[in-house]
Amino acid sequence: MFIINCPYCGKRDQVEFSCGGEAHIERPKQPTELSDDQWAEYLFMRKNIKGVQFERWNHTHGCRKWFNMVRDTSNDKIHATYKMGEKPPIK
Amino acid sequence: MKNKYSIFSLIKNALSGHENWQRAWRDPEPKKEYDAIIVGGGGHGLATAYYLAKKHNMTNIAVVEKGWIGGGNTGRNTTIIRSNYLWDASAALYDHALKIWEGLSQELNYNVMFSQRGVMNLAHNLQDVRDLKRRTHANRLNGIDAVWLNTEEVKKFCPIINTSSNIRYPVLGGTLQKRAGTARHDAVAWGYARGADAMGVDIIQNCEVKGIKRIGDKVEGIETTKGFIKSKKIGVVAAGHSSVLANMAGIRLPLESKPLQALVSEPVKPIIDTVVMSNAVHAYVSQSDKGELVIGAGTDDYVSYTQKGSHNIAEGTLKAILELYPIFSRMKMLRQWGGIVDICPDASPILSKTQVKGLYFNCGWGTGGFKATPGSGDLFAHTIANDEPHKLNAAFNLNRFVSGDLVDEHGAAAVAH
Numbered sequence: 001m002f003i004i005n006c007p008y009c010g011k012r013d014q015v016e017f018s019c020g021g022e023a024h025i026e027r028p029k030q031p032t033e034l035s036d037d038q039w040a041e042y043l044f045m046r047k048n049i050k051g052v053q054f055e056r057w058n059h060t061h062g063c064r065k066w067f068n069m070v071r072d073t074s075n076d077k078i079h080a081t082y083k084m085g086e087k088p089p090i091k
Numbered sequence: 001m002k003n004k005y006s007i008f009s010l011i012k013n014a015l016s017g018h019e020n021w022q023r024a025w026r027d028p029e030p031k032k033e034y035d036a037i038i039v040g041g042g043g044h045g046l047a048t049a050y051y052l053a054k055k056h057n058m059t060n061i062a063v064v065e066k067g068w069i070g071g072g073n074t075g076r077n078t079t080i081i082r083s084n085y086l087w088d089a090s091a092a093l094y095d096h097a098l099k100i101w102e103g104l105s106q107e108l109n110y111n112v113m114f115s116q117r118g119v120m121n122l123a124h125n126l127q128d129v130r131d132l133k134r135r136t137h138a139n140r141l142n143g144i145d146a147v148w149l150n151t152e153e154v155k156k157f158c159p160i161i162n163t164s165s166n167i168r169y170p171v172l173g174g175t176l177q178k179r180a181g182t183a184r185h186d187a188v189a190w191g192y193a194r195g196a197d198a199m200g201v202d203i204i205q206n207c208e209v210k211g212i213k214r215i216g217d218k219v220e221g222i223e224t225t226k227g228f229i230k231s232k233k234i235g236v237v238a239a240g241h242s243s244v245l246a247n248m249a250g251i252r253l254p255l256e257s258k259p260l261q262a263l264v265s266e267p268v269k270p271i272i273d274t275v276v277m278s279n280a281v282h283a284y285v286s287q288s289d290k291g292e293l294v295i296g297a298g299t300d301d302y303v304s305y306t307q308k309g310s311h312n313i314a315e316g317t318l319k320a321i322l323e324l325y326p327i328f329s330r331m332k333m334l335r336q337w338g339g340i341v342d343i344c345p346d347a348s349p350i351l352s353k354t355q356v357k358g359l360y361f362n363c364g365w366g367t368g369g370f371k372a373t374p375g376s377g378d379l380f381a382h383t384i385a386n387d388e389p390h391k392l393n394a395a396f397n398l399n400r401f402v403s404g405d406l407v408d409e410h411g412a413a414a415v416a417h
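Structural data, given as structure tokens:
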């Protein structure tokens, strides 16, 4: 179990949050022009990295705002959290 | 063939103090080249190798395993076996496995302790009742045994369940598959390993794959901690680490790897002689032959490779267990652990060729792969040997995420994914 630093509320217990999966997946700008392969890529294919990964989280039982997190999935260590729209502070 | 296990071999070895048992499989160094390599020495991988050798005469093959065989999810699951899935494709896949389970101990000459003690799935709200009744009908149309039990019948079948209407999630009924049950998880890996080894399969442990070599759109072999091994056919059966291996081969998979937890209690006298699963409160329980309660909890909702799982997930499951089985209130839990399960968006597995020629993936079994071990091995061996899927795993191809022809078992299966 880990403590998560919500960019809006500060440090809170993990149970207040829910994970929304991989971050920085852009919705296609021209959805009607996408091939089936491109849709599959956007909807289903995931990096699922063992190591440092960028994710979306929601402070479900707090401010209910979405934010991003940089976390190492091999040891659950959180490197940083940052607001939606901001550039990742690492890499 | 190795020495056959029998009552006579048991007596003979007992008389010599159990010091002369033959080792069950060799510990070979890898050859330079094989006709096929299976990456991952869990139950599914070893079963694949076994059926490749037995049914397809491919004996110049190897299983490479980064740790020890059966040390991943094979040794970490709650050993439940059932085939009461909703959709035709899944029902056929899992029932194929269940039929092999029924004769597996004899076939392998290894006691996998398959016990058809029945699996009961509880309904706690009206939607559960509708869903489970629908699934019962679907199962019966597919020739799979399934019955609906009302609350009194649930109580009669498993008397320790609290069927009071005053609990938070009252038991409104349940389904029962009598042919379902449990097996000894380690024995499955060991039995298949022994059988495969006897036919000449090299089982190479402590050998981690570091890279998958491709030339154009074909595989050439694998880079491992024991050097390069050449092969034109590579079957990856790596469960939670499937995406890591796919990345080495330069392909993408629709998987997310998450920790799934289980717990066992201290051993007690026989108290529950079946398997009871509850979808709505996500708690399932059975009792091992040693007497421990084997309790399955849920997955965390984030990607992690830590094999731990969050405390609050186990806590939630134990709360549900306590409400459903007040008699367990003073049981002590001995061990808790997590396994990394690879979950597909449609909660169905992938047993498929890939866009890379000679590279095959068997993954995405998510929270329920153990039950499918023999069937998965059989069908994946067929896919590798013939470079074409068997009709039972044709629906479980990787291309379904492009075509949209998903096998959507999410929530429709007997347990929450």
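Residue numbers (my numbering), protein chains in the order written: chain P, 1 to 91; chain Z, 1 to 417. Every residue, glycine too, gets a C-beta built ideally from N, C-alpha and C.
*Can the beta-carbon of glutamine 14/P be found less than 9 Å from the beta-carbon of isoleucine 3/P?*
yes
*Taking the alpha-carbon positions, what's the alanine 262/Z to glutamine 287/Z distance?*
13 Å
*Could you name the residues of chain P that serine 257/Z contacts, counting a contact when the two beta carbons are closer than 9 Å?*
Asn48, Lys50 and Thr73
*Under 8 Å Cβ-Cβ, which residues of chain Z neighbour glutamate 55/P?*
Tyr302 and Val303
*7 Å Cβ shell around glutamate 256/Z - same chain, five flanking residues per side excluded*: Val303 and Ile343
*Is there a Cβ from chain Z that is less than 9 Å from the Cβ of glycine 21/P?*
yes
*Under the DSSP definition of a beta bridge, which residues are partnered with arginine 299/Z?*
Correcting the residue type first, residue 299/Z is threonine in the shown sequence and not arginine. Answer is Leu260/Z.
*Which class does aspartate 202/Z belong to by DSSP, given the choice of helix, strand or coil?*
strand
_threonine 224/Z - DSSP class collapsed to helix/strand/coil_ = strand
*Only counting runs of 3 or more residues, tell me where the beta strand (DSSP E) segments fall wholly within the segment 332-363 of chain Z, in order along the chain.*
333-343, 350-353 and 359-363
*Which bits of chain P does proline 349/Z rub up against, with CB to CB less than 9 Å?*
Chain P residues near proline 349/Z: none, gap ~15 Å exceeds 9 Å.
*asked:* Rounded to whole angstroms, what is the Cα-Cα separation between glutamate 315/Z and serine 329/Z?
replied: 13 Å
_Taking a contact to mean a Cβ-Cβ separation below 9 Å, would you say glycine 200/Z touches threonine 59/Z in this structure?_
yes
_Can you confirm whether the segment 119-126 of chain Z touches the segment 165-179 of chain Z when touching is taken to mean that 3 or more C-beta pairs between the two stretches lie within less than 8 Å?_
yes
*Which residues of chain P have a Cβ atom closer than 8 Å to the Cβ of valine 253/Z, listed in chain order?*
Per the sequence shown, residue 253/Z should be read as leucine rather than valine. Simply Met45, Arg46 and Asn48.
*For the segment 33-45 of chain Z and the segment 222-232 of chain Z, state whether three or more C-beta atom pairs, one from each stretch, are separated by less than 8 Å.*
yes
*Coil, strand or helix - asparagine 121/Z by DSSP*: strand
_What would DSSP say about lysine 54/Z, mapped onto helix, strand or coil?_
helix
*Check the DSSP bridge columns for isoleucine 61/Z and list the partner residues they point to.*
Ala36/Z
*Anyone know if the C-beta pair for alanine 442/Z and glycine 291/Z falls short of 9 Å?*
A question about residue 442/Z goes unanswered here, because the residues of chain Z that appear run from 1 up to 417.
_Those residues which DSSP pairs with asparagine 93/P across a bridge_ = The question about residue 93/P has no answer here: the residues shown for chain P are numbered 1 through 91.
*Within the same chain, show all residues whose beta-carbon is closer than 7 Å to that of methionine 113/Z, passing over the 5 residues directly before and after it, in chain order.*
Ala183, Arg184, Ala187 and Asp289
_Where tyrosine 85/Z falls: helix, strand or coil (DSSP)_ = coil
_Give me the residue from Tyr42/P, Tyr8/P, Phe17/P and Trp66/P with the minimum Cα distance to glycine 29/P._
Per the sequence presented here, residue 29/P reads as lysine, with glycine not at that position. Considering only alpha carbons, the answer is Tyr42/P.
*If you run the structure through DSSP and keep just helix, strand and coil, what is phenylalanine 67/P?*
strand
_Could you compute how far the alpha carbon of histidine 417/Z sits from the alpha carbon of valine 219/Z?_
Because the pLDDT of histidine 417/Z is 43, which lies under 50, any placement of that residue in the model is unreliable, and the number read from its coordinates should be weighed accordingly. Rounded to whole angstroms, histidine 417/Z to valine 219/Z spans 33 Å at the Cα level.
*Cβ of lysine 308/Z less than 9 Å from any chain P Cβ?*
yes
*Skipping 5 residues on each side, what residues in its chain have a beta carbon closer than 6 Å to that of valine 294/Z?*
Thr78, Val264, Ser286 and Ser288
*In its own chain, which residues sit with a C-beta less than 7 Å from the C-beta of isoleucine 313/Z, not counting the 5 before and 5 after it?*
Gln261, Ala297, Gly298 and Asp300
*asked:* Check whether chain P comes within 9 Å of alanine 416/Z, counting only Cβ atoms and requiring the distance to be less than that.
replied: Low confidence applies here, because alanine 416/Z scores a pLDDT of 49, under 50, leaving its location unreliable; read the following figure in that light. So, not an interface residue.
*If you draw a straight line from the alpha carbon of methionine 45/P to that of leucine 93/Z, how long is it in whole angstroms?*
24 Å
*asked:* Which residue marks the beginning of the beta strand (DSSP E) containing tyrosine 284/Z, and which one marks its end?
replied: 283-287
*So who's on the other strand from methionine 277/Z, going by DSSP bridges?*
Asn121/Z and Tyr284/Z
*State buried or exposed for isoleucine 327/Z, treating a residue as buried only when at least 16 other CB atoms are found within 10 Å of its CB.*
exposed
*Should glycine 43/Z be labelled buried (16 or more other beta-carbon atoms within 10 Å of its own) or exposed?*
buried
*Quick one: Cα of isoleucine 271/Z to Cα of aspartate 408/Z, how far?*
36 Å
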